[in-house]
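Just so we're aligned: 246 in our numbering is position 241 of the sequence shown, and the numbers increase by one with no gaps anywhere.
Every residue gets a Cβ at the ideal spot worked out from N, C-alpha and C, and that includes glycine.
Small disclaimer: the values here were computed from a predicted structure and weren't measured.
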Amino acid sequence: MPLWQKVYRSCLPVRSLGAEEGNGRILAIHKNTRINASIFFLLALPSLLCYTTSMTPLESLLQFVRFTHLTHKVERVARIPGETRYANTVEHSYQLTLLAWYLIEKENLHLDKDLVIKYALVHDLVETYAGDTYAHGTEGKENKALREHEAQERMASEFPEFKDLHAYIEAYELKQDPESRFVYALDKLIDPVNIYLEDGKLWHEKNVTLQEVLDYKTEKIAVDATVAKYFEELVVLLRKKENTLFPKN
6 MPLWQKVYRS
16 CLPVRSLGAE
26 EGNGRILAIH
36 KNTRINASIF
46 FLLALPSLLC
56 YTTSMTPLES
66 LLQFVRFTHL
76 THKVERVARI
86 PGETRYANTV
96 EHSYQLTLLA
106 WYLIEKENLH
116 LDKDLVIKYA
126 LVHDLVETYA
136 GDTYAHGTEG
146 KENKALREHE
156 AQERMASEFP
166 EFKDLHAYIE
176 AYELKQDPES
186 RFVYALDKLI
196 DPVNIYLEDG
206 KLWHEKNVTL
216 QEVLDYKTEK
226 IAVDATVAKY
236 FEELVVLLRK
246 KENTLFPKN
């Protein structure tokens with residue numbers, strides 16, 4: 006990506022120029038006049054100089070702490086049993102991390118524990134900018150991959166010094182090691198477990214059937230044998246209580 010675009014996406018106060026966002030994030034002055042990259046570069050020069058100037062250690066820390074605050078604001082279509090509000094990405098990632106650690110110990114799994122914990126912590130971090138996409142809905146699915154890719158690029162431009170973070174996000178997305186597949190499968194298990202523990206309340210609210218849950222979850226969870234075993238046991242419970250856990254369609 007050209008440097009001027011990075012400046013525009015991460016530093017420049019877009020609204021102060023009366024800009025509108027569109028495909029490719031073309032800058033529009035007064036809503037109708039487009040300017041090319043070289044003109045934009047000249048306009049952005051003060052910001053560019055600021056962009057290339059190293060922040061102090063404290064400024065860098067403050068910037069990252071602000072980022073973590075944004076992560077708390079990402080609402081998922083999922084609840085902690087007994088709560089009325091939806092859970093956020095931080096709560097979900099923390100639960101996933103602890104559950105992954107627990108299963109590694111309980112099942113004596115031959116997995117790199119540190120790697121699993123890191124994958125669990127970063128697995129949904131792009132949602133800080135991309136937002137969450139509800140599994141059984143239609144809104145946002147058509148551009149989910151694009152939004153998450155752009156979010157990952159934005160994070161890389163804002164925190165280039167945090168190389169490990171970006172490396173683990175990319176490795177998790179590739180799912181080429183058993184640790185990433187374990188976390189991926191467990192991530193797909195955790196919501197139906199939580200909904201089961203609240204007696205299917207969310208499935209009733211969203212009019213989700215057992216078959217829809219199976220269609221969406223089974224193949225994804227199958228990438229890890231240990232997690233698949235737990236899912237199979239959960240499905241037995243779901244079938245036994247289908248009439249109470251799921252809406253009657």
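- Report all residues from its chain with a CB closer than 6 Å to the CB of residue 249; omit the five preceding and five following residues, and keep chain order. On the sequence shown, position 244 is the one that residue 249 refers to. Around residue 249: no qualifying Cβ.
- Where the alpha helix (DSSP H) containing residue 59 begins and where it ends: Taking the first residue of the sequence shown as position 1, residue 59 is located at position 54. Looking at the DSSP string, residue 59 is not in any alpha helix (DSSP H), and its letter there is neither H nor E.
- Decide yes or no for the touch test of the region 87 to 104 against the region 191 to 202: beta carbon pairs closer than 8 Å, at least 3 of them. yes
- Task: Decide if residue 131 is buried, meaning its Cβ has at least 16 other Cβ atoms within 10 Å, or exposed.
- Result: Taking the sequence shown and counting its residues from 1, one reaches residue 131 at position 126. By the neighbour-count rule (16 or more Cβ atoms within 10 Å), residue 131 is buried.
- What's the call for residue 238, buried or exposed, on a 16-neighbour Cβ count within 10 Å? Counted from its first residue, the sequence shown places residue 238 at position 233. Exposed: under 16 other Cβ atoms inside 10 Å.
- Message: Can you tell me where the alpha helix (DSSP H) holding residue 149 begins and where it ends?
- Response: As a first step, residue 149 must be located in the sequence shown, where it is residue number 144. Segment 149 to 163, the alpha helix (DSSP H) holding residue 149.
- Message: Going by C-alpha to C-alpha distance, which of 182, 210 and 216 sits closest to residue 228?
- Response: For the purposes of this step, residue 228 is taken as residue 223 along the sequence shown, with counting starting at 1. Of 182, 210 and 216, the residue nearest in Cα terms is 182.
- Task: With a 10 Å radius around its C-beta and 16 neighbouring C-beta atoms as the bar for buried, classify residue 98 as buried or exposed.
- Result: Numbered from its first residue, the sequence shown carries residue 98 at position 93. By the neighbour-count rule (16 or more Cβ atoms within 10 Å), residue 98 is buried.
- Message: Is the beta carbon of residue 83 closer than 8 Å to that of residue 199?
- Response: Position 194 of the sequence shown, counted from the start, is the residue given in the question as residue 199. Position 78 of the sequence shown, counted from the start, is the residue given in the question as residue 83. Taking 8 Å as the Cβ cut-off, residue 199 and residue 83 qualify as a contacting pair.
- Check each candidate in 180, 129 and 166 and name the one with the smallest Cα separation from residue 156. In the sequence shown, residue 156 corresponds to position 151, counting from 1. If we check each option's Cα against that of residue 156, 129 comes out closest.
- Message: Using a Cβ-Cβ cutoff of less than 6 Å, which residues in the same chain neighbour residue 94 once the five nearest sequence positions on both sides are dropped?
- Response: Residue 94 sits at position 89 when you count from the first residue of the sequence shown. The residues are 76, 79, 129 and 132.
- Status (buried if at least 16 other CB within 10 Å, exposed otherwise) for residue 283: Because the chain here runs from 6 to 254, residue 283 falls outside it and cannot be looked at.
- Task: Thinking residue 136 and residue 159 are a contact (beta carbons under 8 Å), I'd like their distance in whole angstroms, please.
- Result: Reading the sequence shown from its first residue, position 131 is the one you call residue 136. Reading the sequence shown from its first residue, position 154 is the one you call residue 159. Contact doesn't hold; Cβ gap of about 13 Å is too wide.
- Message: Out of 66, 122, 253 and 90, which one is the CA nearest neighbour of residue 174?
- Response: Residue 174 sits at position 169 when you count from the first residue of the sequence shown. That would be 122, whose Cα lies nearest to the Cα of residue 174.
- Query: Helix, strand or coil: which one does DSSP assign to residue 80?
  - Reply: The residue you call residue 80 lines up with position 75 of the sequence shown. Correct three-state label for residue 80: strand.
- Give me the Cα-Cα distance between residue 212 and residue 251, rounded to the nearest whole angstrom. As a working note, residue 212 is residue 207 in the sequence shown. As a working note, residue 251 is residue 246 in the sequence shown. So the two alpha carbons sit approximately 8 Å from each other.
- Query: How should residue 59 be labelled, buried or exposed, when 16 other C-beta atoms within 10 angstroms of its C-beta is the threshold for buried?
  - Reply: By one-based count along the sequence shown, residue 59 stands at place 54. Under this definition residue 59 is an exposed residue.
- Query: Grouping DSSP H, G and I as helix and E and B as strand, with all else coil, what is residue 93?
  - Reply: Stepping through the sequence shown from its first residue, residue 93 is reached at position 88. Strand, per DSSP.
- Residue burial classification, residue 138 (beta-carbon count within 10 angstroms, cutoff 16): Along the sequence shown, one-based indexing puts residue 138 at 133. Under this definition residue 138 is a buried residue.
- Task: Can you give me the Cβ contacts of residue 170 inside the same chain, cut-off strictly under 8 Å, excluding the 5 residues immediately before and after it?
- Result: Locating residue 170 in the sequence shown gives position 165, where the first residue counts as 1. Excluding sequence neighbours, residue 170 sits near 127, 130, 160 and 164.
- Item | Contact with chain C by residue 105, beta-carbon distance below 8 Å | Among the chains of the structure shown, chain C does not appear; only one protein chain is present.
- In the DSSP assignment, find the alpha helix (DSSP H) that holds residue 187 and state where it starts and stops. Residue mapping note: residue 187 aligns to position 182 of the sequence shown, counting from 1. Its alpha helix (DSSP H) spans residues 183 to 202.
- Message: Whole angstroms are fine: how far does the CA of residue 186 sit from the CA of residue 221?
- Response: Translated into positions along the sequence shown, residue 221 becomes position 216. Translated into positions along the sequence shown, residue 186 becomes position 181. Approximately 16 Å, taken between the alpha carbons.
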